[in-house]
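**Student:** Residue numbers (the working numbering): 72 to 385.
From the three backbone atoms N, C-alpha and C, an ideal C-beta is built for every residue, glycine too.
Treat the numbers as computed from the prediction; the structure is a model and nothing was measured.
Have a look at the structure that comes next, please.
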Ligand code: ADP
C-alpha cells in the first residue's frame, strides 16, 4: 500500500512534496526531484524561478490537521510569457503610435502659427483694400452714410473695449464726458475712432498710455485720442490729412502704411459736417487727434457713461 502510494506520488506530473510535522520528508515527486529542489525543508518563497530552461512556478502549500505539510508547485511559465509578450506589444505599439503623433503635433503647431500669420496678413490686406476703395468712393463723391441718432460717448466706449481686446497689453484711459446725441453712421464713425486708436498704438511705445476723451457743449461734440509717442513736427501737421502723405522717416524704418488712413478719417468726418484737428508739441511729445461733430440733441440728464477704466485694470 505504501509502495503503491509512493509510486503514485513519484508519477505525479507536478512537482510536489510532503513533510511531516517534524520536518522530515515523507514523499517527493519525480518532477520535484528533477527540478533539483531541496528535500530538506519546504520552500519559503511564494514563487520559484529556474533559468535553464526558463520556468516559473507558484508555490502552493497546505498544512493538514495531522501536521503534514503538502507543497505543490504550479507552473505559470506560459501565462507569464503571454503577459510579458502583451506588455512588450503594448509598449511597442504605444511607442510606434506616439512617434507619428509627436510629428503631427509639431507640424500642427507650426501650421497654427503660420495660419495666424496668414490671417494677420489677410486682415492687413483687407484693411488696405478697404482704404483704397473708400478713397475711390470719396473721390467720386460716393461716400454714402446711413445716419442715425447716436450717443457719442457710448460709441467711443465700445470702440475702446474693442481696441483693448485686440491690443491686450495697451492701457487706454477714458474720460468720456460728452452728453449729446449726434446724427451719424455708426459703422463709419467706428472706422474713424478705430483708425485714430490704431495710429496711436502704431506710433507710440507699447508701455505708454493712450487717452481717449469726449466732451460736448450745446453745439459740438469732440472726441480726442492722445498718445505719448513719436509726435509730429510742426511743419508736417498741415499735410497730415492729405492723401498718401506720410511723415518722412528720420531714422530707421518706422511702421508701414499707405498714408491713406487719415485722409479717409477727414473725408468721413467732413461727410458728417464735422472737422478733424491734430496737435503736437513736436517729436517725442506724442500728439492728439480730435474729431469735432455737430450736436443733434444735448442730453443734459442722460445717464452717466461708464467710469474711465483701462485695459491694465481688467
Ligand atoms: P499710415 O497708414 O501711413 O499710418 P495715416 O494716414 O494713418 O497713414 O497716417 C499718415 C501719417 O501720419 C503716418 O505715416 C504718420 O507719419 C503720421 N501719423 C499718424 N498718426 C500718428 C500718430 N498718432 N503719431 C505720430 N504720427 C502719426
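1. How many Å lie between residue 256 and residue 170 at the Cα?
2. By the DSSP assignment, the alpha helix (DSSP H) with residue 128 in it spans what residues?
3. Indicate whether the contact test is met: 3 or more Cβ pairs, each with one atom in the stretch 238 to 246 and one in the stretch 267 to 279, closer than 8 Å.
4. Hey, would you say the C-beta of residue 261 is under 6 Å away from at least one heavy atom of the ligand ADP?
5. State the DSSP-derived secondary structure class of residue 269, mapped to helix, strand or coil.
6. In the DSSP assignment, find the unbroken alpha helix (DSSP H) run with residue 169 in it and report its ends.
7. Residue ranges of each beta strand (DSSP E) run of no fewer than 3 residues wholly in the stretch 312 to 350, ordered along the chain?
8. Going along the chain, which residues of its own chain have a beta-carbon closer than 6 Å to the beta-carbon of residue 127, five neighbours each way excluded?
9. Only counting the same chain, and skipping five residues up and downstream in sequence, which positions put a Cβ closer than 8 Å to that of residue 219?
10. Confirm, please, whether the CB-CB distance from residue 287 to residue 249 is below 7 Å.
11. Could you give the C-beta distance for residue 300 and residue 276, rounded to a whole number, given that I count them as a contact under 8 Å?
12. Roughly how many angstroms separate the alpha carbons of residue 161 and residue 173, rounded to a whole number?
13. Give a single yes or no on whether residue 317 has its beta carbon closer than 6 Å to a heavy atom of the ligand FMN.
14. Inspect the beta-carbon positions of residue 295 and residue 187 and report whether they are closer than 7 Å.
15. By Cβ distance below 6 Å, which residues in the same chain neighbour residue 357 in space, the five residues on each side in sequence not counted?
16. Locate the beta strand (DSSP E) running through residue 98, then write down its first and last residues.
17. Please classify residue 192 as buried or exposed, where buried requires at least 16 neighbouring CB atoms within 10 angstroms.
**Tutor:** To lay it out plainly:
1. Position 185 of the chain shown, counted from the start, is the residue given in the question as residue 256. Position 99 of the chain shown, counted from the start, is the residue given in the question as residue 170. Approximately 56 Å between the Cα atoms of the pair.
2. Along the chain shown, read from residue 1 onward, the residue named residue 128 stands at position 57. Unbroken run through residue 128 is the beta strand (DSSP E), 126 to 134; no alpha helix (DSSP H).
3. Yes, they touch.
4. The count along the chain shown starts at 1 and reaches residue 261 at position 190. For the ligand ADP, not one heavy atom lies less than 6 Å from the Cβ of residue 261.
5. The sequence position of residue 269 within the chain shown is 198, counting from 1. Residue 269: helix per DSSP, three-state reduction.
6. Against the chain shown, residue 169 aligns to sequence position 98. Per DSSP, residue 169 is one residue of the alpha helix (DSSP H) stretching across 148 to 210.
7. Here the runs fully enclosed are 346 to 350.
8. Within the chain shown, the letter at position 56 stands for residue 127. If we look at residue 127 and ignore the five residues flanking it on each side, its Cβ neighbours are 120, 147, 148 and 151.
9. For the purposes of this step, residue 219 is taken as residue 148 along the chain shown, with counting starting at 1. Once the five neighbours on either side are set aside, the close Cβ partners of residue 219 are 254, 255, 256 and 257.
10. Locating residue 249 in the chain shown gives position 178, counting from the first residue. Locating residue 287 in the chain shown gives position 216, counting from the first residue. Judged by beta-carbon spacing, residue 287 lies within the 7 Å limit of residue 249, meaning their Cβ atoms are closer than that value.
11. For this step, residue 300 is matched to residue 229 along the chain shown. For this step, residue 276 is matched to residue 205 along the chain shown. That belief holds up - the Cβ atoms of residue 300 and residue 276 are roughly 7 Å apart, short of 8 Å.
12. Here residue 161 refers to the residue found at position 90 of the chain shown. Here residue 173 refers to the residue found at position 102 of the chain shown. Computed Cα separation, rounded: 18 Å.
13. The model on display carries the ligand ADP but not the ligand FMN.
14. Here residue 295 is taken as the residue at index 224 of the chain shown, counted from 1. Here residue 187 is taken as the residue at index 116 of the chain shown, counted from 1. No, they are not a contact pair.
15. Along the chain shown, read from residue 1 onward, the residue named residue 357 stands at position 286. Excluding sequence neighbours, residue 357 sits near 298, 299, 300 and 302.
16. One-based indexing of the chain shown puts residue 98 at position 27. Note, residue 98: beta strand (DSSP E), 96 to 99.
17. For the purposes of this step, residue 192 is taken as the residue at position 121 of the chain shown. It counts as exposed.
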